[in-house]
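Since the structure comes first, as structure tokens, the remarks are kept for the end.
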Amino acid sequence: MAVKYQKAIAIEKEQAVVDGMDISGHWNRMFEQRVIFEYTPELIEKVASISEAESFANCYQCAKCVAVCPVDVVGNYGPRKLYRYAQTGLDLTEAPELWLCTTCANCLRVCPKEVNMVKIMPATREQAILDGKFVPSELQQAFEATANTGNPLGQPQRKREAWVQNAGVDVPVLRDLGRPVDVLWYVGSYPSYHPRGMDAASAAARIFTALGIDFAILGKEEKDDADSQRLAGEKGLFEMMAEYNIETFNKYEWNEMVVTGPHELNAFKNVYPKYGFERPVVHYTTFLARHLDRLKPLLKHPVNKKITYHDPCYLGRHNGEYEAPRQLLEAIPGVELVEMARNRQNGYCCGGGGGGMWMDSFTAKHTTMRLSEKRAMEAASTGADVLAVACPFEVSRFEDAVKSTGNEHVGVLDILELLDKSMRGE
Amino acid sequence: MNIIVAIKHIPSIADDLPVNGSNLDFDSVDFVLNEFDEQSIEQAVLVKEASGGTVTVVGVDLIGELDNVLHLALAKGADKAVKITADDPGADSHQQAGWLAEAIRDMSPDIVFTGVQASNDLDGQIGPMLAARLDLPYIGGVSSVDVVDGAATVNKEFAGGVGAKYAVSLPVVVGVQAASKPPRYAPISKVRQIAQTAAIGKVAPSGDGAGAGLAFKKMAPPVAAGHAKMFTGSPKEVAAQIVELLKGRGLA
Chain R
2 MAVKYQKAIA IEKEQAVVDG MDISGHWNRM FEQRVIFEYT PELIEKVASI
52 SEAESFANCY QCAKCVAVCP VDVVGNYGPR KLYRYAQTGL DLTEAPELWL
102 CTTCANCLRV CPKEVNMVKI MPATREQAIL DGKFVPSELQ QAFEATANTG
152 NPLGQPQRKR EAWVQNAGVD VPVLRDLGRP VDVLWYVGSY PSYHPRGMDA
202 ASAAARIFTA LGIDFAILGK EEKDDADSQR LAGEKGLFEM MAEYNIETFN
252 KYEWNEMVVT GPHELNAFKN VYPKYGFERP VVHYTTFLAR HLDRLKPLLK
302 HPVNKKITYH DPCYLGRHNG EYEAPRQLLE AIPGVELVEM ARNRQNGYCC
352 GGGGGGMWMD SFTAKHTTMR LSEKRAMEAA STGADVLAVA CPFEVSRFED
402 AVKSTGNEHV GVLDILELLD KSMRGE
Chain Z
6 MNIIVAIKHI PSIADDLPVN GSNLDFDSVD FVLNEFDEQS IEQAVLVKEA
56 SGGTVTVVGV DLIGELDNVL HLALAKGADK AVKITADDPG ADSHQQAGWL
106 AEAIRDMSPD IVFTGVQASN DLDGQIGPML AARLDLPYIG GVSSVDVVDG
156 AATVNKEFAG GVGAKYAVSL PVVVGVQAAS KPPRYAPISK VRQIAQTAAI
206 GKVAPSGDGA GAGLAFKKMA PPVAAGHAKM FTGSPKEVAA QIVELLKGRG
256 LA
């Protein structure tokens, strides 16, 4: 890689006499033109010439983004810095920096020039992948697993509905049901396969059943939404999965889709419409908040805990849902809700978005700590007993993070699990 | 240089293997590319990129689904793909090596890459059998290959972290343990484009199709028996318990 920084070298004259006055010394540096290092617009143009990445060139170096970039908190990053690095010799298409952005969108929120990393990063990554440039091997494995098995965990498709056996309630599968349903519940890959994700899925099944929702799942026919793979640069993989999913969704009659994960919400609500899928999709927090009047009487057992809530980037900033999760938590008797300093629009990122979920070891090499660890420490500093989450990526990330930062006393639970606890008294 | 890669499509062990009496239940198991063949394809493409030539990937199509694997190999840099249409999911290494040898002989190879082993090599690995049938030398456990002026320099791995460098004259059959670089990623858009346009050569299985002669009496998943015993207590107490156990078994 070319030299990233070439520090400005100020020239100080040994002897400087101006208008007969001897001003020798370090203050004379302004009397000679400073040698500014050479910089080139070519590497900025290289990024900005990629379709969808044009706004990279808009940056005018105000640095508002750096103040809110979650990666900068644990490293030396941020859109402004990437622009500057490019100016001084960094080829983003070949640099590790290409893979650190989590597409959390906090920079875009504050950027006066609408430099949009949520578009720049996927487009530039896609170009790097198509050109056969470096791709972190963990990410490569997640791509290959998604293409081969239908989920990034590489689990067999036929086991996708195995979790229902432990749900404790009947979980109808659309292909067996043979009739239209009100709600198609898209469970998602992590709730289907990850042990802690399955806990949330089982809790959701019990809550939907208790509310008398007419729901069903796709079971073995369900495959990953692939939105995070798209954001990590694999648009072709995303399109292949989207084609399959849209065809599968349209095979059945249903009125509304409820998703467990914010990334799935983003995929089906904001991106799939470009591929012809336009049907109502809501996140489970929004859906349950709508049923709050009927849910409240079911929440019989107090959960006497101090709870802090982590806003998932793709539920909050990307899709504007900040209140429903909090309404659900406040509806649980005994819960004391406390906020972390960074919350709602300025919520900190767990590090799992934009493919970060599958680049943990890679990212760890280029940062001082994991984003999830930083956030776990913030959660612990509120004095909370429980860090509540609403995204299936987060339970495993934060459970690792509370352990690695010595905060095991902070439990990590999905809002679904907390509601279920209150409902069942466990 | 004429570079050939002989690959094996094998039952996936990502899931519990379904057993049907005396063999696998081939209808309910997924087939995947042997992981060592992924390394072997990569090594072949690296050799082509460094020294020129064409890479032809050849495999036995056991269940009619080999095209996916061949498309992926083409997307990763192979030039041609050929499938031997055997349609016999139970074909063993001997049978596959026989068919592959017949198909490869006509291609006049300079170098034949194979994965060093596969998880279903009950009757031995493809590489040495192929070499014997083609009357070529074989070198296995290979972790890098460089070809200069018609001769290859090959790194071979031995146990205990020992390696050796061999000068090898061509033609030769190579069993790849690991490519000199990790296998590259093939973007799905490229794989899908190739799937629409690529022509895959078809060859009927020919020659001696004899298997290894193994007869399966019964196949069953291993039964979990016994378990680890965990001792608890202070190091002294644990040591005493271990001594007791060893004495009890007549070992101390």
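In order, the protein sequence lines correspond to chains R and Z. Using the working numbering, read the first sequence as starting at 2 and increasing by one per residue. Using the working numbering, read the second sequence as starting at 6 and increasing by one per residue. All residues carry an ideal CB built from backbone N, CA and C; glycine is no exception.
Item, Value
"Assigned secondary structure, residue 56(R) (DSSP; H/G/I helix, E/B strand, else coil)", "helix"
"Proximity below 8 Å, CB of residue 368(R) to CB of residue 18(R)", "no"
"Residue 139(Z) versus 177(Z), 203(Z), 53(Z), residue with shortest Cα-Cα distance", "177(Z)"
"Chain-ordered residues of the segment 172-206 of chain Z with a beta carbon less than 8 Å from chain R", "187, 189, 190, 192, 193, 194, 195, 196, 197"
"Interface partners of residue 148(R) on chain Z, CB under 7 Å", "193"
"Proximity test, Cβ basis, 8 Å: residue 19(Z) and chain R", "yes"
"With 16 other Cβ atoms within 10 Å as the buried cut-off, status of residue 195(Z)", "buried"
"Chain Z contacts from the segment 346-377 of chain R (Cβ-Cβ distance under 7 Å)", "none"
"Chain Z contact for residue 136(R) (CB, 8 Å cutoff)", "yes"
"Reference residue 121(R); option with closest CA among 53(R), 196(R), 137(R)", "53(R)"
"Nearest-angstrom Cα separation, counted from residue 333(R) out to residue 293(R)", "11 Å"
"Per-residue contacts from residue 453(R) into chain Z (C-beta, under 9 Å)", "The structure shown does not extend to residue 453(R), since chain R is modelled only from 2 to 427, so the question has no answer here."
"Expected contact under 8 Å - CB spacing of residue 6(Z) and residue 56(Z) to nearest Å", "6 Å"
"Own chain residues within Cβ distance below 8 Å of residue 61(Z), not counting five before or after", "7, 8, 9, 10, 83, 84, 85, 86, 87, 112"
"contact_flag[the segment 381-391 of chain R, the segment 406-415 of chain R] where n(CB pairs < 8 Å) is 3 or more", "yes"
"Of the listed residues 242(Z), 220(Z), 239(Z), nearest to residue 28(Z) (C-alpha basis)", "220(Z)"
"Interface partners of residue 454(R) on chain Z, CB under 7 Å", "This structure cannot settle anything about residue 454(R), because the visible part of chain R is limited to 2 through 427."
"Three or more C-beta pairs below 8 Å linking the segment 222-231 of chain R and the segment 177-187 of chain Z", "no"
"Own chain residues within Cβ distance below 7 Å of residue 110(Z), not counting five before or after", "139"
"Proximity below 8 Å, CB of residue 4(Z) to CB of residue 48(Z)", "Outside the shown range of chain Z, which is 6 to 257, sits residue 4(Z), and nothing can be said about it."
"Interface residues of the segment 151-181 of chain R facing chain Z [CB-CB below 9 Å]", "155, 156, 157, 158, 159, 160"
"Any chain Z beta carbon closer than 8 Å to residue 288(R)", "no"
"Proximal chain Z residues relative to residue 241(R), where beta-carbon distance stays under 7 Å", "193, 197"
"Nearest to residue 225(Z) (by Cα), restricted to the options 26(Z), 32(Z), 16(Z)", "26(Z)"
"Chain Z contact for residue 144(R) (CB, 8 Å cutoff)", "yes"
"Assigned exposure category for residue 41(R) - 16 Cβ within 10 Å defines buried", "exposed"
"8 Å Cβ cutoff met for residue 310(R) and residue 317(R)", "no"
"Beta-carbon proximity list for residue 258(R), same chain, < 8 Å, skipping 5 on both sides", "184, 185, 186, 187, 250, 269, 280, 281, 282, 283"
"Minimum length 4: unbroken alpha helix (DSSP H) runs contained in the segment 18-85 of chain Z", "40-56, 71-80"
"Distance CB(residue 95(R))-CB(residue 83(R)) smaller than 8 Å", "no"
"Cβ-based neighbour list, residue 256(Z), same chain, cut-off 7 Å, excluding 5 preceding and 5 following", "none"
"Rounded separation between residue 14(Z) and residue 44(Z) - CA only", "14 Å"
"C-alpha gap between residue 107(Z) and residue 360(R), whole angstroms", "44 Å"
"N- and C-terminal bounds of the alpha helix (DSSP H) containing residue 86(R)", "80-88"
"Own chain partners of residue 24(Z) with C-beta closer than 7 Å, once the 5 adjacent residues on each side are dropped", "30, 224, 225, 226"
"Residue 331(R) - DSSP class collapsed to helix/strand/coil", "helix"
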